[in-house]
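Colleague: Sending over a structure as structure tokens; questions will come in a sec.
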Amino acid sequence: MSAPAGLNQEQIRSILSLYHLDEPEVCREIDLGGSSIAYRVLVGGTWYVLRLAERRRTFDMIFEKEVLLHLGTHGFAVPQLVPNVAQGTFIPWSSRGRYVSLFTDSPGRALGMFEIRPKHVGALAELLAKLHTLTLNFNRERVAEQRAGERQAKLLSRLQRAVEKGRLPRRVARDVALLEAQVHRPSLAMDNGPKGGDAEPNALPNAVPNSAPNAVPGADGGRRVGVGGVKSDPKANRVTAAPPEQPRCVLHGDLSIPSVRFLQDEIVALVSFERAHTGPPLEDVARVLTQWCWVPTVEQKGGPAGSFHKTRVNALLAGYESVRPLSSVERAMLPEVLRRQAVHTVIERLVQFELKRKKGERYLDYRHAMQQLRAFLDGGAENLLAKSHIQSA
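Once you know that position 148 of the sequence shown is 149 in the working numbering, the rest is easy, because the numbers rise by one and skip nothing.
As structure tokens, then:
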């Protein structure tokens with residue numbers, strides 16, 4: 002997903018006037034994680050965060066508002082939406098799905114990548130488990146998986162054509178071949194759950210994009226294998242499995258390092274809920290593992306390199322399960338979720354930054370995610386999650 006074009010000073014002043022606020026004394030662009038553009042503004046001695054999101058719908062904005070209200074009511078340290086002159090919490094900014102929201106600024110600061118320690122990961126895991134427990138069977142659905150498998154297949158086809166036409170470097174061809182093999186690999190699908198609301202346009206696809214021809218329509222609008230076990234898929238020449246039922250809750254959907262605020266070593270706020278949706282908790286657990294437990298190496302060997310810090314992974318699992326123990330089914334499925342997320346991230350970054358990178362857009366190197374994917378293959382994810390592996394902090 003490409004980043005939206007930013008706001009100029011006149012537009013920022015105009016927006017703030019809709020909140021009965023004067024011209025900002027200080028205004029600077031900040032990184033909240035996610036794909037939106039955000040500004041930290043100081044008005045009358047109070048700090049606010051002005052966010053411009055794109056490719057949103059009214060339903061998305063209402064869902065985010067209700068999630069923040071629900072969490073805030075139960076004592077979660079989340080941003081508070083500031084009402085505008087019409088007592089609404091968002092303002093349509095164009096006909097292209099762009100919306101402006103104003104939040105009170107959250108305390109604390111985001112950690113630097115090399116400041117992260119296992120205790121920080123454990124604290125985030127505990128908070129995440131509380132969020133998941135508190136929002137089980139939330140009264141509104143925003144499904145992220147609708148049509149995502151189809152979208153991923155189209156993006157992969159674009160990459161394959163680009164390789165054939167020489168539009169991508171030769172080194173990328175090997176990576177695209179690996180992605181193709183992973184997308185069509187037999188795997189156990191996550192439960193997409195009931196249909197409701199809108200779908201996240203940059204959503205994570207189902208692990209089984211092409212289900213069996215005798216599958217019944219799933220509640221999410223996709224196709225689900227009928228009860229009775231494994232079915233053959235002649236078209237894809239592979240086997241698909243009926244997904245086990247998974248609990249559903251509100252997922253943060255981002256959990257990048259900038260989305261968590263610390264004061265010393267304590268989490269004081271969780272921000273950037275624009276990608277929040279409903280789904281299986283494992284999706285968020287996997288996001289924390291890939292974004293908080295990966296340590297880049299200083300020396301680069303033919304591109305970005307790094308490794309997973311096993312003590313952080315252990316802290317993640319221990320912290321999460323101290324609040325919400327994972328079921329045996331969830332533990333068995335987590336390695337596949339990790340591989341699936343890595344495939345998704347690599348494909349998205351290849352298309353966004355290698356095929357159609359926009360001038361001025363912050364570059365995200367796909368090779369970091371590719372290195373993570375390779376670390377998850379051939380039993381790597383299973384070994385990483387084994388609690389017997391201990392590494393000094």
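We put the beta carbon where it would ideally sit given N, CA and C, even for glycine. None of the values given here were measured: they were computed from a predicted structure.
#1: Reducing DSSP to helix, strand and coil, say where isoleucine 258 ends up.
#2: With DSSP as the reference, label glutamate 142 as helix, strand or coil.
#3: Starting from tyrosine 321, trace the alpha helix (DSSP H) in both directions and tell me its first and last residue.
#4: Throw me the rounded Cβ distance for the glycine 109 and leucine 264 pair, which I believe falls under 8 Å.
#5: Quick one: residues in its chain with C-beta nearer than 6 Å to the C-beta of threonine 136, no 5 flanking neighbours on either side, listed in chain order?
#6: Thinking C-beta only, is arginine 41 closer than 7 Å to tyrosine 100?
#7: Would you tell me roughly how many angstroms separate the C-alpha atoms of valine 122 and leucine 33, rounded to the nearest one?
#8: From the DSSP output, read off the bridge partner residues of threonine 47.
#9: Taking all protein chains shown into account, do 16 or more other C-beta atoms lie within 10 angstroms of the C-beta of serine 96, making it buried, or fewer, making it exposed?
#10: Closest to threonine 47 by CA distance: which of Leu156, Phe104, Glu165 and Gln183 is it?
#11: Mark arginine 276 as exposed unless 16 or more other C-beta atoms lie within 10 angstroms of its C-beta, in which case mark it buried.
#12: Please work out which residues of its chain come closer than 6 Å, Cβ to Cβ, to aspartate 366, disregarding the five sequence neighbours upstream and downstream, and give them in chain order.
#13: Within the continuous beta strand (DSSP E) that includes tyrosine 100, where are the two ends?
#14: Per the DSSP calculation, proline 297 is bridged to which residue(s)?
#15: Name the residue from Ala111, Gln153, Gln372 and Arg52 whose alpha carbon lies nearest to the alpha carbon of serine 257.
#16: Taking 7 Å as the cut-off, decide whether the C-beta atoms of threonine 298 and arginine 143 are in contact.
#17: I'd like the list of long-range same chain contacts for glutamate 67, defined as Cβ closer than 7 Å, with 5 residues on each side in sequence excluded.
#18: Entirely within the stretch 45-97 and at least 4 residues each: give me those alpha helix (DSSP H) ranges in chain order.
#19: For serine 37, count neighbouring C-beta atoms within 10 Å of its own C-beta (all shown protein chains included) and say buried if the count is 16 or more, exposed if not.
#20: Please determine, among Leu160, Pro93 and Ala126, the residue with the shortest C-alpha to C-alpha distance to leucine 351.
#21: Under the three-state reduction of DSSP, which class applies to valine 228: helix, strand or coil?
#22: Short check: CB of aspartate 106 to CB of valine 44, under 7 Å?
#23: Alpha carbon to alpha carbon, how far is serine 328 from valine 289?
#24: Considering only residues of the same chain and omitting the five flanking positions on each side of leucine 180, which have a CB-CB separation below 7 Å?
#25: Just the C-alpha distance for valine 164 and glycine 380, rounded to the nearest angstrom, thanks.
#26: Based on DSSP bridge pairs, tell me the residues matched to glutamate 30.
#27: Compute the Euclidean distance between the alpha carbons of histidine 71 and valine 173, then round it to the nearest angstrom.
#28: Could you pull out every residue in the same chain whose Cβ sits closer than 8 Å to the Cβ of glutamate 127, ignoring the five residues on either side in sequence?
#29: Under 7 Å, do arginine 14 and glutamate 24 count as touching if we go by C-beta distance?
Modeller: Based on what the coordinates show:
#1: helix
#2: coil
#3: That run of the alpha helix (DSSP H) goes 311-322.
#4: In this structure glycine 109 touches leucine 264 by the C-beta definition: roughly 4 Å separates them, less than 8 Å.
#5: Contacts found: Cys250 and Val251.
#6: Cβ distance not < 7 Å, so tyrosine 100 and arginine 41 don't count as in contact.
#7: 18 Å
#8: Val44
#9: exposed
#10: Phe104
#11: buried
#12: Pro305
#13: 100-105
#14: In DSSP, proline 297 forms a bridge with Gly307.
#15: Ala111
#16: no
#17: Arg141
#18: As far as the stretch 45-97 is concerned, its whole alpha helix (DSSP H) runs of at least 4 residues are 59-74.
#19: buried
#20: Leu160
#21: Here valine 228 scores only 31 on pLDDT, less than 50, and its place in the model is too uncertain to base an answer on.
#22: no
#23: 18 Å
#24: Leu157, Val344, Val347 and Ile348
#25: Looking at the two C-alpha atoms, the distance is approximately 29 Å.
#26: Tyr40
#27: 45 Å
#28: Gly320, Tyr321, Ser323 and Val324
#29: yes
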